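A.B. asks: Got a structure here, written out as structure tokens. Questions coming.
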Amino acid sequence: MALAGAQLLEALDFSIIYVALPDIGASLHFSSVALQWIVSAYAVFFAGFLLLGGQLADVFGAGRVYLTAQLLFAASSTGAALSSSAAILIAARAGQGVAAALLVPATLGLLSSAYPAGPERDQAVSVWGTTGAVGLALGVTAGGGILATASWQ
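Shown next as structure tokens:
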């Protein structure tokens, strides 16, 4: 459940920002370029650090990388929520992207070590992948719900 939840977090965090962009732009007076970088920083840093995340999970162990990624995610998310400028928010989103790039290979490594090859592992990876897809869809819908009742932060 924890590994699937981590995958849900990674995917949800990627898509939840889309609904909030107009409010972020209005409340912090961001340019359209800065708004684009709020989205792109996560994606670029996720893609750029994904191979490194896999290498770090191999060298230091998936469990250690998993915990480090969760801590980095928490710190970056706190920084994003407290940001008052485009630069801080973009840096926080980049941190979230790096955390996601560490988290994905670490969760797969932990799944591979927890389940032997065969139907059990296949089922575990299927649940992991499904929660990622649910996270992408839930991010947009949850983002709208949260935005309707609270602020973008």
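Heads up: the sequence shown is residues 322 to 474, going by our numbering.
For each residue, glycine too, the CB sits at the ideal point set by N, CA and C.
The model shown is predicted, which means the values in this text are computed figures rather than measured ones.
Using three-state DSSP, classify Ser507 as helix, strand or coil.
C.D. replies: Absent from the model: residue 507. The displayed extent of the chain is 322 to 474, so no value can be given.
A.B. asks: I need the DSSP call for Ile359, collapsed to helix, strand or coil.
C.D. replies: Of the three classes helix, strand and coil, the one that applies to Ile359 here is helix, per DSSP.
A.B. asks: Take Val365 as the anchor and find which of Leu403, Leu330, Gly416 has the nearest alpha-carbon.
C.D. replies: Cα-wise, what sits closest to Val365 is Gly416.
A.B. asks: Report the rounded CA-to-CA distance for Leu432 versus Ala390, giving the unit in angstroms.
C.D. replies: Whole-angstrom Cα-Cα distance: 16 Å.
A.B. asks: In chain order, what are the residue ranges of uninterrupted alpha helix (DSSP H) at least 4 long that sit wholly in the stretch 385–460?
C.D. replies: Within the stretch 385–460, the complete alpha helix (DSSP H) runs of at least 4 residues are 407–435.
A.B. asks: To the nearest angstrom, how far is the alpha carbon of Ala327 from that of Ala408?
C.D. replies: Near 27 Å, if we compare the C-alpha coordinates of Ala408 and Ala327.
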